[in-house]
Structures are given as C-alpha cells and as structure tokens.
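Visitor:
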Ligand SMILES: Nc1ncnc2c1ncn2[C@@H]1O[C@H](COP(=O)(O)OP(=O)(O)OP(=O)(O)O)[C@@H](O)[C@H]1O
Ligand SMILES: [Mg+2]
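Residue numbers (this note's numbering): 592 to 959.
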C-alpha cells in the first residue's frame, strides 16, 4: 500500500521528492516509488482514465476486466481508481487477490464471502475485489467465479486483470466492461522517464534514454527497472550511463551486434552462421529470444519479396514460441540459421543454391 503525503503528490505531479531527501519511499524499488498515485498520474490510456473517472463520479462502476501486456498500468489504474473512490477508507474497501494462487477457488470464495459480508460496518458505497492474474485461473475456477460475481453484485464490484484476455471464459468476459491497455509508446514514456531521471539525479546520456525506450517494448516497469539497475551499476562509480551501459545492464545485444549477426545470417553458409550465432550466445551471454525479436524487426525493415518476409517472420515467431515454452537456446540456434538459409536459397537469391542441391529435395530420413 502506498504511503505518500497527498500534498507532496500534488506539488510534484505524482512524483515524490528528491533522492537523498528523507522520504519514506526511498527504500522502495523505483517501480513502486513511482507507481502512479492518482488516475491523473498515469501516462497514456486517456480514454480509459476518463471513462473510469465518469463511472466513479456517477457511482456506476461496473465489473471490470483490464487486459494487456505487462507494465502498462493495469494494477496501477485500479489502485488509483480505488483511492479516488474510497479515500482514507481504501484499505477496508478493497480486497486484492492473486487469482493464480494455487490455493484454489474455495479459498478465494471464502475470502470474498468474508469481505463482502462485512458490508454493514460500512454504510456507503460498493466494495471492490481485485483479481490479478485472472488468466491463470482454471476453467473450473472461472466457472465458479461466475456465480460468485452474481451473488455479491449488490455490494461488491469485481475487477479482473490479465495479460491474455482470450484465456478468460466468454461467460466471465460478458459480465465485465473490458478495457485494453496497449503497450506504451516511446513518446508516452519519455516525459515521465525524464522527470524520474531528474528526481533521482541520474547521469544518463540522450542515447542512453533512447536505448531505454527501444528496449522497453512498451513496458514501463522494464524501463524503470533497467534505469535503476544501470544507475546502481554505473552512477555509483561516477560513470555516465550511455546506450552501451543500458544494453549491458539489460544483457541485450546492441544494434551494432544485431546488424552484424543479421548480415552474417544473410550471407554466410550454415556452418559459419551457426558458429557465429552460437558464439554470440555463449561468449556474451545474450538470450536467443532477444536476438530473435531483434532479427524479426530487421526482417520487417528489409524489403524482401512478400513471400520471403512472411516465411521468415512465421519461422522466427515459431522459434520465439518454442523458446518461451522452455526449449533450449542451443537447439533453436540451428532453427534460426536454417530459417534464413532456406528462405535465402528459395526466395531471395535462388542462384545461391549449391550445384545439385535443392532445398525442397532435402527431406528427413524415413522412419525405420
Ligand atoms: N501508464 C503508466 N503510467 C505511469 N507509470 C506506469 C504506467 N504503466 C506502468 N507504470 C509503471 O510500471 C509499474 C508497473 O505497472 P503496473 O503494475 O500497473 O503494470 P501492470 O499493467 O499491472 O503489469 P502486469 O501485467 O505485469 O501486472 C508501475 O509501478 C509504474 O511505475
Ligand atoms: Mg499488474
């Protein structure tokens, strides 16, 4: 729960006072220290904020379903909305549950029952149950939740939060008003990022800021975590944070390295390209999933025939999916190189094919 002096919030537009000053939030990670305290502190999502504002003011809050990628402000929005609705009574009027909790729906049901059942102590307004990570609930749990929502609608509103809305059953979706939280654009992040840099007196160059925005992928949490880690690692030794330090902190390959890998994949034979990519992973500790994402952007930026772009992007997405499911980097390196070689030989430079070799003819050996 946030512990911040309301007057200091107003003066600083939601940002707390300077680093080094005595502040109860100084020990917090920056993502928490700079969590928006009021709806107005949120960057982007103006339409969502304005609708919520109106619903709260007219006392007509429906059940809510917030969905969208990580670090876009879903949890912050509902917390700020609850503070607006309840003010100092906030703690007693909101129940925050992690819906993916392994203890199951029975415990959740009991907690909700106990929470919603104490309404007589507080005469005004509906209470709020926040179910975070609702997409991790089993179908059975979601089915049970349908009844729970209906049963307690009279004095309780539910806000479900998730990353993947298609994992929420249609029956639950139809009980809620849905809001999608899109990834934040660099131009939406930059002002808040600059204010935090000033407040925390971070010594960072403009290209450092730019690389933070590039690496963010629209996730503000990632931006703040990276900024804080880079500050801890480099500013303490009075070193300025530049793009290089940001990429090092993130463990990500710099655009120059990606360019080199891309060129290698587009020109070398399989063995050379394979060892080049493997060396990048083992020697410099890059994660293949990051490299695959950057390579996908490079492919999209290059003007290949449409068919080549489609095949490459589709193969790279499959590889990213397999990596996300825990497949080993070393195995998928072969798949990345293979994807480039096949598309190159088939569609980009068909004349590159070695004599007598036709990729279409290379079939796996027949099963014994
Ligand atoms: N729209 C935003 N405006 C300002 N700060 C933001 C915004 N979105 C995220 N942040 C920053 O990122 C942190 C994480 O945000 P939050 O917890 O709201 O993300 P989330 O969308 O709930 O992510 P997840 O899906 O991972 O739970 C916040 O503490 C805040 O510092
Ligand atoms: Mg959240």
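Just so you know, even glycine gets a beta-carbon here, dropped at the ideal spot from N, CA and C.
This structure is a prediction, so every number in the text was calculated from the model and none was measured.
Rounded to whole angstroms, what is the Cα-Cα separation between residue 600 and residue 625?
Guide: Counting from 1 along the chain shown, the entry for residue 600 is found at position 9. Counting from 1 along the chain shown, the entry for residue 625 is found at position 34. Here residue 600 scores only 36 on pLDDT, less than 50, and its place in the model should not be relied on; the value that follows carries that caveat. When rounded, the distance between both Cα atoms is 11 Å.
Visitor: Figure out for me which residue from 781, 686 and 741 has the closest Cα to the Cα of residue 763.
Guide: Within the chain shown, the letter at position 172 stands for residue 763. When each option's Cα is compared against that of residue 763, the closest is 741.
Visitor: Any contact between the segment 671-684 and the segment 763-775? By contact I mean 3 or more CB pairs, one from each, below 8 Å.
Guide: Segments in contact, no.
Visitor: Could you round the C-beta distance between residue 817 and residue 841 to whole angstroms and report it? I think they count as a contact, below 8 Å.
Guide: Looking up residue 817 in the chain shown gives position 226. Looking up residue 841 in the chain shown gives position 250. Contact flag correct, Cβ pair sits at about 6 Å.
Visitor: Mind listing which residues have their beta carbon within less than 7 Å of any non-hydrogen atom of ligand 2? Chain order is fine.
Guide: Selection output, chain order preserved: 665, 666, 723 and 752.
Visitor: Could you check where the beta strand (DSSP E) with residue 718 kicks off and where it finishes?
Guide: Locating residue 718 in the chain shown gives position 127, where the first residue counts as 1. Segment 718-723, the beta strand (DSSP E) holding residue 718.
Visitor: Only counting the same chain, and skipping five residues up and downstream in sequence, which positions put a Cβ closer than 6 Å to that of residue 635?
Guide: Taking the chain shown and counting its residues from 1, the one referred to as residue 635 is at position 44. Within the same chain, residue 635 has close Cβ partners 775 and 779.
Visitor: Using CA atoms only, rank isn't needed, just tell me which of 688, 813 and 908 is closest to residue 620.
Guide: Taking the first residue of the chain shown as 1, we reach residue 620 at position 29. Among 688, 813 and 908, the Cα nearest to that of residue 620 belongs to 813.
Visitor: Check residue 657 in the structure and name its three-state DSSP category.
Guide: Residue mapping note: residue 657 aligns to position 66 of the chain shown, counting from 1. Reduced to three states, the DSSP call for residue 657 is strand.
Visitor: Our contact map puts residue 833 next to residue 799 with C-beta atoms below 8 Å; I'd like the distance itself, whole angstroms only.
Guide: Mapped onto the chain shown, residue 833 falls at position 242. Mapped onto the chain shown, residue 799 falls at position 208. Contact flag correct, Cβ pair sits at about 5 Å.
Visitor: According to the Cβ coordinates, are residue 837 and residue 806 closer than 8 Å?
Guide: Reading the chain shown from its first residue, position 246 is the one you call residue 837. Reading the chain shown from its first residue, position 215 is the one you call residue 806. Going by C-beta atoms, residue 837 is nearer than 8 Å to residue 806.
Visitor: Classify residue 612 as helix, strand or coil using the three-state DSSP reduction.
Guide: Position 21 of the chain shown, counting from 1, holds the residue named residue 612. Note that residue 612 has pLDDT 43, beneath the 50 cutoff, so the model's placement of it is unreliable and no number is given.
Visitor: To the nearest whole angstrom, what separates the beta carbons of residue 756 and residue 652, a pair I think is in contact under 8 Å?
Guide: Walking along the chain shown from the start, residue 756 turns up at place 165. Walking along the chain shown from the start, residue 652 turns up at place 61. Actually they do not touch by this definition, with Cβ atoms about 20 Å apart.
Visitor: Any heavy atom of ligand 1 within a distance shorter than 7 Å of the CB on residue 754?
Guide: Numbered from 1 along the chain shown, position 163 holds the residue referred to as residue 754. True, at least one ligand heavy atom lies under 7 Å from that Cβ.
Visitor: Can you look up residue 939 in the DSSP assignment and give me helix, strand or coil?
Guide: Along the chain shown, read from residue 1 onward, the residue named residue 939 stands at position 348. In the structure shown, residue 939 sits in a helix (DSSP, three-state: H, G or I).
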